[in-house]
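The numbering of the sequence shown is our numbering, which starts it at 95 and goes up by one. The C-beta atom is built at its ideal place from N, Cα and C for all residues, glycine as well.
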Amino acid sequence: MSDNDKQLAYLDERVTFGQKFSFGIAGSGVGLLSGIINGPLSVFYTFKMGLEPGRVAVVMLIFAIWNALNDPLFGILEDRTKTKLGRRIPYLRYGAAVFGILFVFCWYPFLHLIFEDTQRALAWNFGLALFLFDSIFTIIGLITFTLPSEMCITEKGRTSISVFSVYLGAIGMLGSMILTTIFLSDDTSTIHPWFKPAMIITAFVGALMVFIPSFNLVENEYAAQEEKLGFFKSLIVTFKNTQFLLFEFGNFFYQIAWTILTGLMAPFVGYVLGYQGIMSMIPLLAIFVMVFIFTYPAGRVARKWGNKKTYMVAIALVIILFIELFAISGKSQLGG
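Structure below.
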């Protein structure tokens, strides 16, 4: 091992178990709140509030445009941030409360109480909730993707942090699925009396899971010292980057699949398959168990094959599994 490699390894080893654990908890908090919004919010507005599906689709289309633009916008903003705490940590620490408040806001539509056109008011409320929540989610969520590269320098060090993020993040994912199954998987327009109180408690817990770990996380100074481009030049360079555009194109469909698999799995189990009670929990627990079983082996495969080959093989398997889900839903509808 060269002196340079030893120096890099030393920098990575400075990241303690507690810091890795804190990063995983923060990611779990982000996953808990965002997992309940991604997909289930549209279910809430459609089935519980009575918003027409066509209007939901229009709002989601408009929102998709903003969702595609806000990643580079907020990413550039974070890169240009300079504080004593660093570039990323202030957004976790001071954004956690906003994250929780906007999560609660999503479940309390109010414009239909002010305007006579209920459908239009609900559509505007739905769009406003998506716009505001996704903005703070993007600001905080970007950090959960970028911080490992600033806590560690080598790929091995970053992978060790990511393992904590995946395992602990799975807990947040499971929590979001269970809550969605309990409150949003039946086919009635009745809102459970404990639904909104549960969302307030969940917001508080999720925000704390983001806020508290921020006091134990670190950023390496080398990243903050890199020379930055101007704001508009950064945008131009970003959208001229072919690799970035290709990634965003693929990521668009990845996000659709991820939303279906996590955010919409509970409604799928309840509305389409018709499972209720304990039976409705079995598919969710199966996903949770698979995440825990395959995360570590997947990391070893990625180190052996490389990220690109692993990603392509995984996508091929996912295509097969989604086709099977489609076939199952078709049989269920024919049987019903």
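- 8 Å or more divides the Cβ of ASN219 from the Cβ of PHE231.
- By the C-beta criterion, the region 174-188 is judged to be in contact with the region 233-248, since at least 3 inter-stretch pairs fall below 8 Å.
- Per DSSP, the unbroken alpha helix (DSSP H) holding ILE294 starts and ends at 289-305.
- Ranked by Cα distance from SER308, the first of SER270, ILE234 and MET154 is ILE234.
- About 21 Å separates the beta carbon of ILE285 from that of GLY221, a gap too long to meet the 8 Å contact definition.
- Straight-line spacing of the CA atoms in THR275 and ALA410 works out to 29 Å.
- Spanning the alpha carbons of GLY129 and PHE111 requires a straight line of approximately 26 Å.
- Taking a 10 Å sphere around the C-beta of MET271, we find 16 or more other C-beta atoms and assign the residue as buried.
- In the three-state reduction of the DSSP assignment, CYS246 falls in the coil class.
- If you draw a straight line from the Cα of ILE208 to the Cα of LYS334, it comes to about 45 Å.
- The shortest CA-to-CA distance from GLN337 to any of LEU186, ARG187, GLY393 and LYS402 is the one to LYS402.
- Contact between GLY121 and THR353 does not hold, since their C-beta atoms are separated by about 17 Å, which reaches or exceeds 8 Å.
- The region 378-387 and the region 255-265 touch, with three or more beta-carbon pairs separated by less than 8 Å.
- Annotation for GLN349: the continuous alpha helix (DSSP H) segment containing it runs 336-352.
- Secondary structure of GLU418 (DSSP, three-state): helix.
- Contact annotation: SER283 and PHE138 have beta-carbon atoms that are not nearer than 8 Å.
- Straight through space, the alpha carbons of THR296 and CYS200 are spaced by roughly 13 Å.
- Inclusion of ALA301 and PHE193 in the CB contact set at 8 Å is warranted, their separation being smaller than that value.
- In its chain, beyond the 5 residues on either side, LYS290 have a beta carbon closer than 8 Å to the beta carbon of TYR202.
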